[in-house]
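These protein sequence lines map, in sequence, to chains A and B. Going by this note's numbering, the first residue of the first sequence is number 140, and it counts up by one from there. Going by this note's numbering, the first residue of the second sequence is number 562, and it counts up by one from there. Even for Gly, the Cβ is constructed at its ideal location relative to N, Cα and C.
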Amino acid sequence: MTVLLLAGFVGPLLLVTIFAFMPAQSFSVLQTPTLANFEEILATSYYISFLSSVWLAALTVLILFVICYPVAYAMVRVFGHRGSILAVLITAPLFVAENLRLLGWVLFLVKGGVVSGSLETFLGIQVDSMLYTSAATLFGLVYVYLPFMLFPMTLGISMVPMQMREAAFDLGASRWQVLKEVDIPLAMPGILIGALMTFILAAGAISEAKILGGTAVVMIAQDIQKEFTFAQNWPKGSALSVLMILLAGGLALTLLKRIDLDGIFGRR
Amino acid sequence: MQEISRRAKFLYGSAIALLILFMYLPMATLVLASFSRSKFFRFPIPAYSVKHYGDVLESLSIRGFFWTSLFLALAVAVISTVLAFFGALAFARYDWKGRKLFQKIMLLPILFPQAVLGLALLLWFTAIGVTPSWTTAIFAHLVWIAPIATMVIAIQVYAFDPAVEEAAMDLGASRWQVLKEVTLPILAPGIFSGFLFSFLLSWANFPLSMFATGADQTIPEWISAKIQSGYTPQVPAVGTLTMLAAALVMALGYLAAWLLSRRSSAAG
């Protein structure tokens with residue numbers, strides 16, 4: 140396991156980092172390091188796709204928090220052991236390729252698709268295509284990453300001891316107070332892991348913007364892919380990847396430092 | 562104890578039902594589209610046919626992608642389950658120096674954008690002089706999937722009392738016997754779901770395959786290429802078939818798990 144992680148994760152990431160400091164258009168790492176790639180990224184429009192990725196990812200996390208908290212709460216507290224069957228049902232779509240599910244939405248939302256086709260045939264209302272906007276991209280992100288928020292959240296909520304909530308109610312706390320002072324703080328480790336996962340995955344997403352967003356949004360991962368394939372500029376692609384790595388790695392490490400994994404998975 | 566009113570229960574229930582509907586809606590659209598006779602999807606569908614399924618089943622190239630995807634997923638599932646079994650014991654059971662660090666490094670690949678990881682791996686393969694093909698893709702998938710399988714098995718390990726193993730040792734069992742007769746059977750459900758998860762995640766993976774398979778192509782890659790350049794009604798047909806395959810694997814998995822648990826409860 141350790142070997143796999145060293146050879147398959149640490150090694151490649153180091154290599155990308157080294158490439159990021161090589162002069163543009165080169166395919167070898169044996170050259171004088173330079174900061175030119177980073178300067179170019181800041182000087183040109185590349186930082187826009189970086190910022191829009193971060194912005195869309197932040198919105199995704201926010202929306203998913205609002206949607207998933209009540210659902211996760213209900214699965215743990217209201218439906219008990221049946222909640223786990225519901226969790227399986229909600230996570231099972233993960234086993235269908237992301238592109239396919241997004242294509243399903245395209246056929247659903249496109250002009251002449253399920254929504255606009257039905258409206259036109261049955262009600263005579265003409266609607267335009269609902270695709271190829273940043274809202275459509277955001278919609279796709281929320282849809283695809285929902286299980287990644289929901290599952291850690293249910294783990295987090297199931298860690299909140301019932302006695303603690305009862306005690307709070309006995310002491311005269313209102314529902315809102317219990318939610319704010321007991322439920323959310325104690326479920327925080329799970330919520331944070333969910334938020335972190337969705338944020339990083341959404342910021343690094345590629346298919347949602349490509350399939351649902353059209354040309355309305357360019358996300359950072361698309362830029363990276365473009366540099367490596369069409370532009371054949373490995374160093375620049377690497378420099379963009381390094382920005383991603385710094386963002387994802389930085390966030391992940393800060394968070395993991397504060398969380399005891401034994402506590403979450405072992406529910407001790 | 563706070564009683565949950567019937568009305569609240571009904572509200573929560575409907576919210577979850579809506580969410581599940583939302584998760585499956587695009588897949589239902591796909592299935593519908595696969596039975597449409599026309600070249601372009603229009604709703605309501607003017608004429609139904611199963612012609613595209615015939616075309617798909619006859620296509621030699623699609624059959625080839627199917628076998629590539631299947632072998633890839635099987636290899637990933639087998640290797641990742643073995644790695645994850647030992648990984649999970651190291652993650653959750655044994656106390657050793659560096660365990661907390663191991664736990665964190667373990668989670669990093671899961672928290673990492675797959676497109677960036679895939680690219681880094683592509684650079685890595687090129688640097689060490691390996692030509693990417695579906696066999697290198699096994700390695701790429703493992704980097705992301707083995708940690709997930711480890712988490713799945715680790716949850717089971719946390720629930721398992723180490724005293725059982727010690728008792729077996731005290732009764733004179735060798736290390737090997739303990740592993741074979743005590744540890745493996747008790748962890749079997751976790752190992753089994755780890756295997757299922759690995760298989761299904763590899764089967765549906767696109768971002769890693771995109772960079773790591775080289776000239777070989779998997780079904781998700783084919784679908785993605787077709788979505789971007791030239792939609793044909795074969796896409797939803799292939800999609801429906803892959804979903805059916807995934808559902809079948811899951812159903813067989815649950816059936817086997819259910820039979821196993823029945824047999825062990827009958828024996829115990």
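- Listed in chain order, the beta strand (DSSP E) runs fully inside the stretch 759–787 of chain B amount to none, counting runs of at least 3 residues.
- Of all residues in the stretch 244–263 of chain A, only Trp244, Leu246, Phe247, Gly251, Gly252, Val253, Gly256, Ser257 and Thr260 place a beta-carbon less than 7 angstroms from a beta-carbon of chain B.
- Listed along the chain, the chain A residues whose CB falls inside 7 angstroms of the CB of Gln795 of chain B amount to none; the nearest CB is some 12 angstroms away.
- In terms of Cβ geometry, Val617 of chain B and Gln789 of chain B do not form a close pair [threshold 7 angstroms].
- Spatial neighbours of Phe308 of chain A in its own chain (CB-CB distance under 7 angstroms, excluding positions within 5 residues in sequence) are listed in chain order as Val317.
- By the criterion of at least three beta-carbon pairs nearer than 8 angstroms, the stretch 610–625 of chain B is not in contact with the stretch 278–289 of chain A.
- Taking 7 angstroms as the Cβ-Cβ cut-off, the stretch 568–584 of chain B approaches chain A at Lys570, Tyr573, Ala576, Ile577, Leu580, Ile581 and Met584, given in chain order.
- Collapsing the DSSP output to three states places Tyr271 of chain A in coil.
- For Ser735 of chain B, the secondary structure class from DSSP, reduced to helix, strand or coil, is coil.
- For Ile330 of chain A, there are no C-beta contacts with chain B under 9 angstroms, since the nearest C-beta of that chain is about 15 angstroms from it.
- Contact annotation: the stretch 232–243 of chain A touches the stretch 796–808 of chain B, with at least three C-beta pairs closer than 8 angstroms.
- Closer than 8 angstroms at the C-beta level to chain B, one finds these residues of the stretch 372–385 of chain A: Trp373, Gly376, Ser377, Ser380, Met383 and Ile384.
- Using a C-beta cut-off of 8 angstroms, the stretch 579–589 of chain B makes contact with the stretch 239–248 of chain A, since at least three inter-stretch Cβ pairs fall below that distance.
- Between Val639 of chain B and chain A, the shortest Cβ-Cβ separation is not below 7 angstroms.
- Bounds of the alpha helix (DSSP H) holding Ile330 of chain A are Ile323 to Ala342.
- Contacts with chain B at 7 angstroms (Cβ-Cβ) do not include Arg397 of chain A.
- The alpha-carbon separation between Leu331 of chain A and Val299 of chain A amounts to approximately 15 angstroms.
- At least 7 angstroms separates the CB of Ser622 of chain B from every CB of chain A.
- Against chain A, the CB of Gln664 of chain B has a partner CB under 7 angstroms away; the residue lies at that interface.
- Cβ contact annotation for Glu366 of chain A (same chain, cutoff 6 angstroms, sequence separation greater than five): Asn372, Lys375 and Gly376, in chain order.
- Below the 9 angstroms Cβ cutoff, chain B contributes Ser785, Ile788 and Gln789 as neighbours of Lys349 of chain A, in chain order.
- Near chain A, meaning a CB-to-CB distance below 8 angstroms, the residues of the stretch 730–763 of chain B are Leu761 and Leu762.
- One thing to note: Leu351 of chain A has its Cβ within 7 angstroms of the Cβ of Thr276 of chain A.
- Residue range Trp373 to Arg397 is occupied by the alpha helix (DSSP H) that includes Ser377 of chain A.
- When C-alpha distances from Val718 of chain B are compared across B:Leu579, B:Leu631, B:Arg824 and B:Thr744, the shortest belongs to B:Thr744.
- The shortest CA-to-CA distance from Thr642 of chain B to any of B:Ser575, B:Trp705, B:Ala569 and B:Thr692 is the one to B:Trp705.
- Ser770 of chain B has its alpha-carbon roughly 21 angstroms from the corresponding atom of Val381 of chain A.
- Scanning the stretch 638–677 of chain B for uninterrupted alpha helix (DSSP H) segments of 4 residues or longer gives 660–668, listed from N- to C-terminal end.
- For Glu237 of chain A, the chain B residues whose C-beta falls within less than 7 angstroms of its own C-beta are Phe767, listed in chain order.
- Contact with chain B is absent for Ile180 of chain A, since none of that chain's Cβ atoms lies less than 7 angstroms from the residue's Cβ.
- Boundaries for Tyr792 of chain B: no alpha helix (DSSP H) harbours it, and the DSSP string shows neither H nor E there.
- Distance between Leu379 of chain A and Thr354 of chain A, taken at the CA atoms: about 20 angstroms.
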